[in-house]
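Numbered according to our numbering, the sequence shown spans residues 6 to 76.
Where a beta carbon is used, it is the ideal one built from N, C-alpha and C, also for glycine.
These numbers come from a predicted model, not from an experiment.
Notes to accompany the following structure.
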Amino acid sequence: MNELPLAPVKRILKNANDDSPVSDDAVAAMAEAMEEWAMKVGRRAQELVRHRDKVTIEEKDVRLALKTLKE
6 MNELPLAPVK
16 RILKNANDDS
26 PVSDDAVAAM
36 AEAMEEWAMK
46 VGRRAQELVR
56 HRDKVTIEEK
66 DVRLALKTLK
76 E
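As structure tokens, this is what we get:
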């Protein structure tokens, strides 16, 4: 996929880890995981939109998708 810029992903990892060094491979792995999760949430949100007979994914669809995927 490689859609996410790596610099913000690296900052997130460093902030979550008290600014410890983070390898480039770790950043790439995290970016891949984030992209996969975002795709999963997007697919679930699209299912919810179709269920409402709409076409546009709205904030409420994303929030509900997140909630249902966490359960």
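{"Query": "Classify R57 as helix, strand or coil using the three-state DSSP reduction.", "Result": "coil"}
{"Query": "If the criterion is Cβ atoms closer than 9 Å, does the pair R49 and L74 meet it?", "Result": "yes"}
{"Query": "Over the uninterrupted alpha helix (DSSP H) stretch that includes I17, give me the two end residues.", "Result": "L11 to A21"}
{"Query": "Would you give the residue range spanned by the alpha helix (DSSP H) that V27 belongs to?", "Result": "Looking at the DSSP string, V27 is not in any alpha helix (DSSP H), and its letter there is neither H nor E."}
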